[in-house]
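Q: There's a structure below that I have some questions on.
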Amino acid sequence: MTAEPLGLRGRVVIVGAGVAGLTAALELAPRPVLLLSKAPLGAEGSTLWAQGGMAAALGPDDNPALHAADTIAAGAGLCDAAIVERFVRAAPTMIERLARLGMRFDRTPDGGFALGLEAAHCRRRIVHAGGDGTGRELMRALVAAARATPSIEMLEGFEARRIVVEDNSVRGLLAVGPAGPALLATDKVVVATGGIGGLYEASTNPPGSFGQGLMLAARAGAVLADLEFVQFHPTALDVAKRPMPLVSEAVRGEGAILIDEAGERFMAGTPGAELAPRDVVARAIWRKRARGGRVFLDARGAIGARFDARFPIIAAACRSGGVDPSREPIPVRPAQHYHMGGIAVDAEGRSSVAGLWACGEAACTGLHGANRLASNSLTEAAAFGAIVARSIEGARSSPPVRLRPQLAPPPADPAAIRPILSRAAGVMRDRETLSAAAATLAAMAASAGPAADPAAVAVMIVVAALRREHSVGAHSRLDFPHAPAEPRGSRLTLAKALAEAAALSPQAHARRA
Ligand SMILES: Cc1cc2nc3c(=O)[nH]c(=O)nc-3n(C[C@H](O)[C@H](O)[C@H](O)COP(=O)(O)OP(=O)(O)OC[C@H]3O[C@@H](n4cnc5c(N)ncnc54)[C@H](O)[C@@H]3O)c2cc1C
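The working numbering numbers the first residue of the sequence shown as -6 and each following residue consecutively.
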């Protein structure tokens, strides 16, 4: 079906209504915005599912410099130091702003923030709400505030399918809503569509998070960054359910230990033990499982009968999987959880395409480097949602252009991509599997079928992983186990990824032979 252009009289279009999109919309008020969400507001997205909390240096023994040092250490040399600095200073202010907005954080008896400890943080600095229901409370507060803000018009049930670009500048957005396609004429689009877990078989993300924002930006010609850095959470609940329920790091923060099927505490000899950075713990569990073993999180001694009260959502997930976490070890395994890579943006959240901003998990600000520090992402999404709003306020408007009617592409279905990407770009990677996946995915991305758009994102991840011939942070190569002398971030466009992948196809090999 073809969509006729619809003038928006200068309104900003925000795609995605998680913490990033909602914060950007609220911070832009009273400037009118159109907020698109493919699901009903508050019904989809990782924000809703977030458990552990939000990191910010708020404790009396803490300061932004310590938070920065932990972020940089976890990022394995690839964090952008200027972005880290900006983030750690903005984080405490952002938490106070959310509290003023109505978010009910868990408090100490004297009214201060209750601070949790998570992996690779040297201080207790994780604010949380409802025990392990931080995301739920964050969404409740943001959605209530957005609904009460007259400048925010919600388009629920609208899926963005293409960004219309001319001369490397945004001209509009093509979306499909309940009544069919809509072509929104705008020169300012914010992509805040969240993560990529729906491209993997084993993920903790909602299935609707399959990198659509990355696809929108990539097909618009934008540069994407650090795509090979995919974070695998070490402790997803090892049950058949998909997506996989998460057993938050906060459980290890409260003293739970990792044991194998023989009851041995196998992380004891590793610096940081159970609270080592996520990539380190995920690889240790991966190795155990590759040898046919099983791994459990044992919370009996450290948390025991307090488990249900401190972690009600995790306790319910364990019980629905037949495990009583207060009395039995919890079976766990790594699962795709977060994407450090994304749409390359500068310190103001601007992409390489004029008029296109990105924030939240879909963006790559350079904060996380090769491995995200636990609980930095919600705070980053809120802080950069606000930064993007300020950048848009200062941006010039381009004169209106006449858009041609556009044909909407079919709805995307990532099902065919999941086994390919999971095998090629999992916890451990190698050239042979990555090359085969790249060639297959490039052909799928060039097709007109429902797998084409998810394949476009997947082929970029695989090509980025192929290019990085060393192991650093969350990117581990079986064939290149050594660490780089001077790690650098990576940049890639869809056109370049497709060209490199096409050169790996059997036909290209035959032509060269
Ligand atoms: C189980 C779980 C637990 C987590 N726990 C924590 C934690 O404790 N602390 C922490 O810091 N981080 C945590 N994270 C990570 C964190 O939740 C996410 O990184 C963050 O919420 C991302 O926010 P976002 O606004 O970028 O995207 P999301 O919250 O994922 O929102 C994306 C939005 O985009 C919409 N959308 C997507 N595609 C389209 C499209 N084409 N058109 C229109 N709308 C679209 C979706 O419907 C949704 O509204 C957790 C993640 C998971 C999965």
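Where is the CB? At the ideal position from N, CA and C, for every residue including glycine.
These figures come from a predicted structure and were not determined experimentally.
What residue from Val381, Ala74, Ile145, His114 has the CA that sits closest to Gln26's CA?
A: The sequence position of residue 26 within the sequence shown is 33, counting from 1. Here the sequence assigns Val to residue 26, which means Gln is not the residue at that position. The shortest Cα separation from Val26 among Val381, Ala74, Ile145, His114 belongs to Ile145.
Q: Are at least three pairs of beta-carbons, each pair with one atom in the segment -3 to 11 and one in the segment 25 to 41, less than 8 Å apart?
A: Yes, the segment -3 to 11 is in contact with the segment 25 to 41.
Q: Taking only heavy atoms of ligand 1 into account, decide whether any of them is closer than 7 Å to the Cβ of Lys281.
A: If you number the sequence shown from 1, residue 281 lands on position 288. Not under cutoff, so the answer is no.
Q: Could you check if Tyr193 belongs to the surroundings of ligand 1, using beta carbon to heavy atom distance under 7 Å?
A: The sequence position of residue 193 within the sequence shown is 200, counting from 1. The answer is no for Tyr193.
Q: Skipping 5 residues on each side, what residues in its chain have a beta carbon closer than 7 Å to that of Gly482?
A: Mapped onto the sequence shown, residue 482 falls at position 489. Result list for Gly482: Leu71, Ala218, Asp219, Gly359, in chain order.
Q: If you draw a straight line from the alpha carbon of Val338 to that of Val325, how long is it in whole angstroms?
A: In the sequence shown, the residue the question calls residue 338 occupies position 345. In the sequence shown, the residue the question calls residue 325 occupies position 332. Straight-line Cα distance between these residues: approximately 35 Å.
Q: To the nearest angstrom, how far is it from the Cα of Ser415 to the Cα of Ala213?
A: As a first step, residue 415 must be located in the sequence shown, where it is residue number 422. As a first step, residue 213 must be located in the sequence shown, where it is residue number 220. Ser415 and Ala213: Cα-Cα distance of roughly 26 Å.
Q: Applying the 10 Å Cβ sphere with the 16-neighbour rule, what's the burial state of Ala58?
A: Here residue 58 corresponds to residue number 65 of the sequence shown, with the count starting at 1. Exposed, because fewer than 16 other Cβ atoms sit within 10 Å of the Cβ of Ala58.
Q: With a Cβ-Cβ cutoff of 8 Å, do Gln44 and Asp125 count as a contact?
A: Numbered from 1 along the sequence shown, position 51 holds the residue referred to as residue 44. Numbered from 1 along the sequence shown, position 132 holds the residue referred to as residue 125. Yes; because the gap between Cβ atoms is below 8 Å, this pair is in contact.
Q: Here's a check: name, in chain order, each residue in its chain whose Cβ is nearer than 7 Å to the Cβ of Phe473, leaving out the five neighbours to either side.
A: Mapped onto the sequence shown, residue 473 falls at position 480. Glu462, His463, Ser464, listed in sequence order.
Q: Going by alpha carbons, who is nearest to Ala513 out of Ala69, Leu177, Pro238, Leu290?
A: It is not possible to answer for residue 513, since the shown part of the chain is limited to -6 through 506.
Q: What residue does the beta strand (DSSP E) around Gly170 start on, and which one ends it?
A: Residue numbering aside, residue 170 sits at position 177 when the sequence shown is read from its first letter. Taken as a continuous stretch (DSSP letters only), the beta strand (DSSP E) holding Gly170 covers 162 to 170.
Q: Using only CA atoms, which one of Ala275, Ala436, Val120 lies nearest to Gly46?
A: Translated into the one-based positions of the sequence shown, residue 46 becomes position 53. When only C-alpha atoms are compared, the closest one is Val120.
Q: Can you tell which of Arg271, Lys281, Leu209, His468 has its C-alpha closest to the C-alpha of Glu257?
A: Locating residue 257 in the sequence shown gives position 264, where the first residue counts as 1. Cα-wise, what sits closest to Glu257 is Lys281.
Q: Out of His361, Ala178, Ala66, point me to the one whose CA is closest to Pro392's CA.
A: Mapped onto the sequence shown, residue 392 falls at position 399. Residue Ala178 is the option with its Cα nearest to Pro392.
Q: Cβ of Leu268 within 7 Å of any heavy atom in ligand 1?
A: Within the sequence shown, residue 268 is the residue found at index 275, counting from 1. It does not: the Cβ of Leu268 is nowhere closer than 7 Å to a heavy atom of ligand 1.
Q: List the residues that DSSP assigns as beta-bridge partners of Trp350.
A: Position 357 of the sequence shown, counted from the first residue, corresponds to residue 350. DSSP, once it has assigned bridges, lists Val183, Arg343 as partnering Trp350.
Q: Only counting runs of 3 or more residues, tell me where the beta strand (DSSP E) segments fall wholly within the segment 229 to 259, in order along the chain.
A: Counting only runs of 3 or more, we get 250 to 253.
Q: Rounded to whole angstroms, what is the Cα-Cα separation between Ala(-4) and Ala431?
A: Walking along the sequence shown from the start, residue -4 turns up at place 3. Walking along the sequence shown from the start, residue 431 turns up at place 438. Cα to Cα, Ala(-4) sits roughly 33 Å from Ala431.
Q: With respect to the alpha helix (DSSP H) encompassing Phe80, which residues constitute its N-terminal and C-terminal limits?
A: Indexing the sequence shown from 1 puts residue 80 at position 87. Note, Phe80: alpha helix (DSSP H), 74 to 94.
Q: Ends of the alpha helix (DSSP H) at His502?
A: Taking the sequence shown and counting its residues from 1, the one referred to as residue 502 is at position 509. Run containing His502: 499 to 505, per the alpha helix (DSSP H) assignment.
Q: Indicate, with yes or no, if ligand 1 has a heavy atom lying under 7 Å from the CB of Glu151.
A: To locate residue 151, count along the sequence shown from 1; it is residue 158. What sits at residue 151 in the sequence shown is Phe, not Glu. Yes, the beta carbon of Phe151 sits closer than 7 Å to at least one heavy atom of ligand 1.
Q: Can you tell me whether Arg470 is buried or exposed, with buried defined as 16 or more other CB within 10 angstroms of its CB?
A: Locating residue 470 in the sequence shown gives position 477, counting from the first residue. Answer is buried; the Cβ neighbour count reaches 16.
Q: With a threshold of 7 Å, establish whether the CB of Thr179 neighbours any heavy atom of ligand 1.
A: Here residue 179 refers to the residue found at position 186 of the sequence shown. No, ligand 1 has no heavy atom inside 7 Å of this Cβ.
Q: Going by DSSP in three states, Phe377 sits in which element: helix, strand or coil?
A: In the sequence shown, residue 377 corresponds to position 384, counting from 1. Helix.
Q: Do Ala84 and His114 count as a contact pair if the criterion is CB distance below 8 Å?
A: In the sequence shown, the residue the question calls residue 114 occupies position 121. In the sequence shown, the residue the question calls residue 84 occupies position 91. No, they are not a contact pair.
Q: Looking at the structure shown, is Ile323 part of a helix, part of a strand, or coil, going by DSSP?
A: Within the sequence shown, the letter at position 330 stands for residue 323. Here Ile323 sits in strand by DSSP.
Q: With a cut-off of 8 Å, do at least 3 Cβ pairs link the segment 389 to 405 to the segment 93 to 113?
A: As far as the Cβ criterion goes, the segment 389 to 405 does not touch the segment 93 to 113, which means the pair count is below three.
Q: In chain order, which continuous runs of the alpha helix (DSSP H) of length 4 or greater are located wholly inside the segment 369 to 423?
A: Listed in chain order, they are 369 to 386, 411 to 417.
Q: Considering only C-alpha positions, which residue in the set Trp42, Ser30, Ala302, Val77 is nearest to Ala49?
A: Within the sequence shown, residue 49 is the residue found at index 56, counting from 1. Comparing Cα-Cα distances from Ala49 to each of Trp42, Ser30, Ala302, Val77, the minimum goes to Val77.
Q: Skipping 5 residues on each side, what residues in its chain have a beta carbon closer than 6 Å to that of Ala375?
A: Within the sequence shown, numbered from 1, the residue matching residue 375 stands at position 382. Once the five neighbours on either side are set aside, the close Cβ partners of Ala375 are Val12, Thr16, Met87.
Q: Is it true that the segment 439 to 455 meets the segment 252 to 271, where meeting means three or more beta-carbon pairs spaced less than 8 Å apart?
A: In short, these stretches do not touch, since the Cβ pair count stays below three.
Q: Does DSSP classify Arg461 as helix, strand or coil?
A: Locating residue 461 in the sequence shown gives position 468, where the first residue counts as 1. Reduced to three states, the DSSP call for Arg461 is coil.
Q: Cβ of Gly30 versus every heavy atom of ligand 1: is any distance shorter than 7 Å?
A: On the sequence shown, residue 30 is found 37 positions in, with the first residue counted as 1. Looking at the sequence itself, residue 30 is Ser, so the reference to Gly does not match. Yes, ligand 1 has a heavy atom inside 7 Å of this Cβ.
Q: Spatial neighbours of Ala32 within its chain, please: C-beta separation below 7 Å, excluding the five flanking residues on both sides.
A: In the sequence shown, counting from the first residue as 1, residue 32 sits at position 39. Taken in chain order, the residues that qualify are Gly201.
Q: Of all the alpha helix (DSSP H) runs that stay within the bounds of the segment 109 to 153, which reach a length of 4 or more residues?
A: Listed in chain order, the complete alpha helix (DSSP H) runs (minimum 4 residues) inside the segment 109 to 153 are 127 to 140.
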